[in-house]
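Chains as they are written, first to last, in the working numbering: chain A, 29 to 552; chain B, 29 to 552. Note that beta-carbon positions come from the ideal geometry of N, C-alpha and C, so glycine has one too. Small disclaimer: the values here were computed from a predicted structure and weren't measured.
There are 2 protein chains.
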Amino acid sequence: MSENAVSEQEASTARRGRAASGGAAARRAARSGGGPGIQQTYIKRAIKVYEVLDEEGLSIIENNADTVLEETGIIFRDDPEALAMWKDAGADVKGDRVHFPKGLPRSLLKTAPSVYTQHARNPERSVQIGGNATVFAPVYGPPFVRDLEGVRRYATIEDFRNFVKLAYMAPSIHHSGGTVCEPVDVPVNKRHLDMVYSHIKYSDKPFMGSVTAPERAEDTVAMAKIVFGDDYVENNTVLTSLINANSPMVFDDTMLGALKVYARHNQACIVTPFILAGAMSPVTVAGTLTQVLAEVLAGAALTQLVRPGAPVLFGTFASSISMQSGAPTFGTPEPSLVSYGAAQLARRLGLPFRTGGSLCASKVPDAQAAYESANTLNSTILAGANFVLHSAGWLEGGLASCYEKFMMDIDQLGMQQKFAAGVDLSENGQAMDAIRQVGPGSHFLGCDHTQANFQSAFYRSSIADNNSYEQWLAEGEKTAPQRANELARRWLETYEAPPLDPGIDDGLKDYIAAKKASMPDAFT
Amino acid sequence: MSENAVSEQEASTARRGRAASGGAAARRAARSGGGPGIQQTYIKRAIKVYEVLDEEGLSIIENNADTVLEETGIIFRDDPEALAMWKDAGADVKGDRVHFPKGLPRSLLKTAPSVYTQHARNPERSVQIGGNATVFAPVYGPPFVRDLEGVRRYATIEDFRNFVKLAYMAPSIHHSGGTVCEPVDVPVNKRHLDMVYSHIKYSDKPFMGSVTAPERAEDTVAMAKIVFGDDYVENNTVLTSLINANSPMVFDDTMLGALKVYARHNQACIVTPFILAGAMSPVTVAGTLTQVLAEVLAGAALTQLVRPGAPVLFGTFASSISMQSGAPTFGTPEPSLVSYGAAQLARRLGLPFRTGGSLCASKVPDAQAAYESANTLNSTILAGANFVLHSAGWLEGGLASCYEKFMMDIDQLGMQQKFAAGVDLSENGQAMDAIRQVGPGSHFLGCDHTQANFQSAFYRSSIADNNSYEQWLAEGEKTAPQRANELARRWLETYEAPPLDPGIDDGLKDYIAAKKASMPDAFT
Chain A
29 MSENAVSEQE ASTARRGRAA SGGAAARRAA RSGGGPGIQQ TYIKRAIKVY EVLDEEGLSI
89 IENNADTVLE ETGIIFRDDP EALAMWKDAG ADVKGDRVHF PKGLPRSLLK TAPSVYTQHA
149 RNPERSVQIG GNATVFAPVY GPPFVRDLEG VRRYATIEDF RNFVKLAYMA PSIHHSGGTV
209 CEPVDVPVNK RHLDMVYSHI KYSDKPFMGS VTAPERAEDT VAMAKIVFGD DYVENNTVLT
269 SLINANSPMV FDDTMLGALK VYARHNQACI VTPFILAGAM SPVTVAGTLT QVLAEVLAGA
329 ALTQLVRPGA PVLFGTFASS ISMQSGAPTF GTPEPSLVSY GAAQLARRLG LPFRTGGSLC
389 ASKVPDAQAA YESANTLNST ILAGANFVLH SAGWLEGGLA SCYEKFMMDI DQLGMQQKFA
449 AGVDLSENGQ AMDAIRQVGP GSHFLGCDHT QANFQSAFYR SSIADNNSYE QWLAEGEKTA
509 PQRANELARR WLETYEAPPL DPGIDDGLKD YIAAKKASMP DAFT
Chain B
29 MSENAVSEQE ASTARRGRAA SGGAAARRAA RSGGGPGIQQ TYIKRAIKVY EVLDEEGLSI
89 IENNADTVLE ETGIIFRDDP EALAMWKDAG ADVKGDRVHF PKGLPRSLLK TAPSVYTQHA
149 RNPERSVQIG GNATVFAPVY GPPFVRDLEG VRRYATIEDF RNFVKLAYMA PSIHHSGGTV
209 CEPVDVPVNK RHLDMVYSHI KYSDKPFMGS VTAPERAEDT VAMAKIVFGD DYVENNTVLT
269 SLINANSPMV FDDTMLGALK VYARHNQACI VTPFILAGAM SPVTVAGTLT QVLAEVLAGA
329 ALTQLVRPGA PVLFGTFASS ISMQSGAPTF GTPEPSLVSY GAAQLARRLG LPFRTGGSLC
389 ASKVPDAQAA YESANTLNST ILAGANFVLH SAGWLEGGLA SCYEKFMMDI DQLGMQQKFA
449 AGVDLSENGQ AMDAIRQVGP GSHFLGCDHT QANFQSAFYR SSIADNNSYE QWLAEGEKTA
509 PQRANELARR WLETYEAPPL DPGIDDGLKD YIAAKKASMP DAFT
């Protein structure tokens, strides 16, 4: 067989050959992808990172960021405490705008760890964040879901639980994430309690805390203390939470309030400028990187003023807008360049790095969604991202969490995990015995080396249909989202919750009941 | 706007904002993607390559390949002339198997150029192959098409012409390719004449020659001489053609015959082991790389025995088989590792490198097709491939050329071309004026820098729908393949052939008529 030899006659032979190999549906059901397989620990990358900036480019951007911090400054809005901290640290505070002497934020960040462990209630699920580790977490934030009936509607707490369950079962998801969707059916001032409880109850992977108000961050910490114990939480990191800058160059009191709560309790913050380039930052990659670096330096350094040594990540959310419609776009070349560049800047700062995911603008889990997600995910991995939010389930520019997309994305994550293991150069990897045994003009299907390695040699997709056209026709002409739909249903039917100490469970329920009873429902 | 702030209320506002921004369909029609835009020259990569092997790994594989060449050897089947050449060159020939003294093929390849120009009949479309250049060519080989009615059927010469036309119009396709589909309605012994004519008549981009018989390669050269002149063809390269090894470790007389014809006329050959790892090579990446290197060394070196200095590429076609069904799989991690590693080996040999494309196993242009294609294409670009066959239109493991996939793929190629330009670090790229002008808490939409750069700042997709859900609903809930279908129809309706000297056209027609009259039709 060769590229030149696929004539119609040979194609026909190939079809018969494949069709004759028997029940593909049965085989698929037997695959590890047919149900949740062995849980994988976080990725320990054995591969290199990819870089798009040289030393000169990095220096230019770092110097420019220092200039922005000094001359333009960053607004810390409605937070007198933060402003006072900056004044005490030696910054020039004018109103709510802080101008930073050259090198101040960078020098403050020397106390931030380059690597930390986020502990899970199941110690086997604890993750390293930083260094050569990569951790995948699900989509974060969508108010809508695209459900298993193909209906796009507001998300509910039931959807929230479902996504936590699927993430718990997914071998390639290492972290339960945070707002896997917005449970719109729960009052806005109480839903964080149900969300945090769901992560604890329906998963044993590490999770994220609420950031939509300082008191909700305090609730998250309190609930974590019920699970882990008071002292444990103060001395270890059990939460990694998302703090967005209000770009350009503003942090608001909501985000700052949450940041201070988490840092004070030694919990990790991901300081992330949420950038749609062209709207929240300049239209160029270098300009965007400059602003991102300035914002991260200011926000991340504040955590060290609150508590030196508190873990903090250099976060980037890179997208562009369509200059024609203003809509966000994903999977295009410019955000990939931003991700690669930002990763380099984070490594030079010595901070763990968050970027990317499986981002797309498409409204459905079609080819657009997949091209865009794959482009984003490939650059995310090769950039060396340490924490990857939105790694599964993201649809429609982040407005919808999609079940089918979630199942397709986790398959892609599994591929990336295999890729990150790099090339095996052991004697078995070199396979010289196989080449000697088989020789010219034969095939490797039955040779000893193949027999010894076939089960783990190649990544086995849980979604892809690799069968012949005729077999695929006979099995109902299903598309990838249709297979993903069936898989999601099967997983949800067979889900079993991880054990949770009944005392802890009751403690959490009591805490939530008391909190909910203490205030009226609010829906805005 | 931030990841944390996409509440249902804000989502609703965002929807209204986007919907109010007006007629997306009209905007899309006005885009460069709505019709063929300005043709792009081949890619001159300003970015680095990505590598998966270190010096030690490369040395191991190179030494192992030398061992395979010496101990196991390569079969040159049914080609006494090739065997005699190898004997004269100092190889140990036993029957049809050639054993190579260590270093012989590598030493012969010193006369092969690391970079050459393939001339097109329109000099503006000539391409550099090798060095920092990347050239995209369409899918090659499928006997079937998936047509614009969504029907999967045998390909015809009309389909062939259509794909040549679309590739001619596509700004991001630099090369017309070869067997863009098999025109099954033309007798097998005559179709190469119609194929070569179509490339010359309906495009002015460079193209590939027939390799299915030595006399068909001679016909290709003869037709090229009608276009370019006899002396020009002998002294320049106007054809780059695909020579597959019959892996493992066999070259057959068909491929060898074509290779010798092209090399003798100073035309380029892409010596490519067609590898489905696990069947045609060991199941490991390092084992596959070893065999690929051995096969390429043997096949490519033969071109230099035929004519020292004839251009030859290090080709790789990397895929794996499903160990469960035997079917080929695409877009998985192992072939990406093979591509990256083979690119490194090719650079060390000093040969231009071919790999990858937009490969997939899916039967339809769905999410599976797109994930797999994007995974393949991303590794192709970052590996630093110089010539990329199958860069658009490949479906179903290469059994079908798909119009919709073609249109989606060329959009992705445009993105990669933009990515390969890297980060602009000019003063305009740094955008410090924009950051100073806008300052904290505002936006960049209307600032001078954005106004000056918005038209070229971001890649504009010809396929992606970035509009709001409501807008997308109002426009008919189209998926990416549906939009691609409309685009393909529009292009084919508006296609205009490039000018061709009537004397040349007549000369080609006369040649073809005489050739066709000289032999009876054959269909096998």
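query: Should G385/A and V416/A be called a contact, given that it needs their Cβ atoms to be closer than 8 Å?
result: Within the first sequence, the letter at position 357 stands for residue 385/A. Within the first sequence, the letter at position 388 stands for residue 416/A. Contact flag set, yes.
field: Check whether E323/B and P356/B have beta carbons under 8 Å apart
entry: Within the second sequence, residue 323/B is the residue found at index 295, counting from 1. Within the second sequence, residue 356/B is the residue found at index 328, counting from 1. No, Cβ-Cβ distance for E323/B and P356/B is not below 8 Å.
field: Spatial neighbours of E362/B in its chain, beta-carbon cut-off 7 Å, leaving aside the 5 residues before and after
entry: Working through the second sequence from its first residue, we reach residue 362/B at position 334. Closer than 7 Å at Cβ, skipping near neighbours: A305, V313, S348.
- prompt: Nearest to T318/B by CA position, among Q156/B, S275/B, V167/B, is which residue?
  reply: By one-based count along the second sequence, residue 318/B stands at place 290. Among Q156/B, S275/B, V167/B, the Cα nearest to that of T318/B belongs to S275/B.
S454/B burial status per 10 Å Cβ neighbour count (16 or more: buried): Counting from one through the second sequence, the residue named residue 454/B turns up at place 426. Classified as exposed, S454/B has fewer than 16 neighbouring CB atoms from the shown chains inside 10 Å of its CB.
field: Integer-rounded CB distance, given that P393/A should sit under 8 Å from L423/A
entry: For the purposes of this step, residue 423/A is taken as residue 395 along the first sequence, with counting starting at 1. For the purposes of this step, residue 393/A is taken as residue 365 along the first sequence, with counting starting at 1. Beta-carbon to beta-carbon, L423/A and P393/A are separated by about 7 Å, close enough to satisfy the 8 Å threshold.
- prompt: Beta-carbon separation of Y78/B and L410/B under 8 Å?
  reply: For the purposes of this step, residue 78/B is taken as the residue at position 50 of the second sequence. For the purposes of this step, residue 410/B is taken as the residue at position 382 of the second sequence. Y78/B places its beta carbon less than 8 Å from that of L410/B.
message: Can you tell me which residues form a DSSP beta bridge with P356/A?
response: Residue numbering aside, residue 356/A sits at position 328 when the first sequence is read from its first letter. DSSP output for P356/A lists I349/A as bridge partner(s).
Chain A contact residues for Q458/B, given Cβ-Cβ distances below 9 Å: For this step, residue 458/B is matched to residue 430 along the second sequence. Under the 9 Å cutoff, chain A gives I88, I89, N92, P310, T312, A314, G315, T318.
- prompt: With C-beta atoms as the reference, is I254/A less than 8 Å away from I271/A?
  reply: Position 226 of the first sequence, counted from the first residue, corresponds to residue 254/A. Position 243 of the first sequence, counted from the first residue, corresponds to residue 271/A. Note that the C-beta distance between I254/A and I271/A is not below 8 Å.
- prompt: For S269/A, which residues does DSSP report across the bridge?
  reply: Against the first sequence, residue 269/A aligns to sequence position 241. According to DSSP, which records beta bridges pairwise, S269/A is partnered with C297/A.
field: Buried versus exposed, by CB contacts within 10 Å (16 or more), M547/A
entry: Numbered from its first residue, the first sequence carries residue 547/A at position 519. The residue in question, M547/A, is exposed, as its Cβ has fewer than 16 Cβ neighbours within 10 Å.
- request: Give the secondary structure of T162/B by DSSP, where H, G and I count as helix, E and B as strand, and everything else as coil.
  value: For the purposes of this step, residue 162/B is identified with residue 134 of the second sequence, where counting begins at 1. DSSP places T162/B in strand when its eight states are reduced to three.
query: Would F551/B be called buried (16 or more neighbouring beta carbons within 10 Å of its own) or exposed?
result: Counting from one through the second sequence, the residue named residue 551/B turns up at place 523. With fewer than 16 other Cβ atoms within 10 Å, it is exposed.
Spatial distance of R55/B from E524/B (CA atoms): On the second sequence, residue 55/B is found 27 positions in, with the first residue counted as 1. On the second sequence, residue 524/B is found 496 positions in, with the first residue counted as 1. Confidence in R55/B is poor, its pLDDT being 41 and thus under 50, which makes the residue's placement too unreliable to answer from.
field: Helix, strand or coil at T145/B according to DSSP, with G and I counted as helix
entry: Translated into the one-based positions of the second sequence, residue 145/B becomes position 117. In the structure shown, T145/B sits in a strand (DSSP, three-state: E or B).
- request: Assign D107/A to one of three DSSP states: helix, strand, or coil.
  value: Here residue 107/A refers to the residue found at position 79 of the first sequence. D107/A falls in the coil class under three-state DSSP.
Residue range of the unbroken alpha helix (DSSP H) whose run includes L330/B: Position 302 of the second sequence, counting from 1, holds the residue named residue 330/B. Where L330/B is concerned, the enclosing alpha helix (DSSP H) stretches over 313 to 334.
- prompt: In chain order, what residues of the segment 101 to 118 of chain A put their CB closer than 9 Å to some CB of chain B?
  reply: Taking 9 Å as the Cβ-Cβ cut-off against chain B, the residues of the segment 101 to 118 of chain A that qualify are G101, I102, I103, R105.
Residue nearest to G535/B in terms of C-alpha spacing, selected from G504/B, K229/B, T507/B: The residue given as residue 535/B occupies position 507 in the second sequence. With respect to the C-alpha of G535/B, the residue from G504/B, K229/B, T507/B having the closest C-alpha is K229/B.
message: Determine, for V255/A, whether the minimum Cβ-Cβ distance to residues of chain B falls below 8 Å.
response: The residue you call residue 255/A lines up with position 227 of the first sequence. Nearest CB-CB separation between V255/A and chain B: not below the 8 Å threshold.
Closest by C-alpha distance to T478/A, when choosing among A370/B, C430/B, T316/B, V121/B: As a position in the first sequence, residue 478/A is number 450, starting the count at 1. Nearest C-alpha to T478/A: T316/B.
query: Would T360/B count as contacting chain A if we go by Cβ distances under 8 Å?
result: As a working note, residue 360/B is residue 332 in the second sequence. In terms of beta-carbon proximity, T360/B lines the interface with chain A, with at least one pair separated by less than 8 Å.
- request: Can you grab the Cα-Cα spacing for the pair Q499/B / I103/A, in whole Å?
  value: Your numbering for residue 499/B matches position 471 in the second sequence. Your numbering for residue 103/A matches position 75 in the first sequence. CA-CA distance, Q499/B to I103/A, rounds to 36 Å.
- prompt: In terms of residue numbering, what span does the alpha helix (DSSP H) encompassing A428/B cover?
  reply: By one-based count along the second sequence, residue 428/B stands at place 400. Run containing A428/B: none in the alpha helix (DSSP H); it sits in the beta strand (DSSP E), 428 to 430.
- request: Report the three-state DSSP secondary structure of S30/A (helix, strand or coil).
  value: As a first step, residue 30/A is located in the first sequence; it is residue number 2 there, counting from the start. Coil.
query: Using DSSP with H/G/I as helix, E/B as strand and the rest coil, what is A420/A?
result: Indexing the first sequence from 1 puts residue 420/A at position 392. In this structure, A420/A counts as coil in the three-state DSSP scheme.
query: Does the Cβ of S353/B have 16 or more other Cβ atoms within 10 Å, making it buried, or fewer, making it exposed?
result: Within the second sequence, numbered from 1, the residue matching residue 353/B stands at position 325. Under this definition S353/B is a buried residue.
- prompt: Any chance the segment 245 to 253 of chain A sits against the segment 208 to 218 of chain A, with 3 or more Cβ pairs inside 8 Å?
  reply: They do not touch, by the three-pair rule.
- prompt: What's the C-alpha gap between L379/A and V278/B?
  reply: As a position in the first sequence, residue 379/A is number 351, starting the count at 1. As a position in the second sequence, residue 278/B is number 250, starting the count at 1. Straight-line spacing of the CA atoms in L379/A and V278/B works out to 52 Å.
- prompt: Measuring CB to CB, does G337/B end up less than 8 Å from T139/B?
  reply: Taking the first residue of the second sequence as position 1, residue 337/B is located at position 309. Taking the first residue of the second sequence as position 1, residue 139/B is located at position 111. Yes, the pair counts as a contact, with Cβ atoms nearer than the cut-off.
- request: Whole angstroms is fine: what's the gap from V155/A's alpha carbon to P199/A's?
  value: Counting from one through the first sequence, the residue named residue 155/A turns up at place 127. Counting from one through the first sequence, the residue named residue 199/A turns up at place 171. V155/A and P199/A have their C-alpha atoms some 14 Å from each other.
- request: Would you identify the three-state DSSP class for F191/B, choosing helix, strand or coil?
  value: Walking along the second sequence from the start, residue 191/B turns up at place 163. Three-state DSSP puts F191/B in a helix.
- request: Kindly list the residues whose CB is nearer than 6 Å to the CB of K391/B, restricted to its own chain and excluding five residues on each side of it in sequence; keep chain order.
  value: Looking up residue 391/B in the second sequence gives position 363. Excluding sequence neighbours, K391/B sits near E424.
- request: Would you mind stating whether P166/A and V208/A have Cβ atoms separated by less than 8 Å?
  value: Within the first sequence, the letter at position 138 stands for residue 166/A. Within the first sequence, the letter at position 180 stands for residue 208/A. Between P166/A and V208/A, the gap from beta carbon to beta carbon is short of 8 Å.
message: Using a Cβ-Cβ distance cut-off of 8 Å, determine whether F447/B contacts chain A.
response: Residue mapping note: residue 447/B aligns to position 419 of the second sequence, counting from 1. It does: the Cβ of F447/B has a partner Cβ on chain A nearer than 8 Å.
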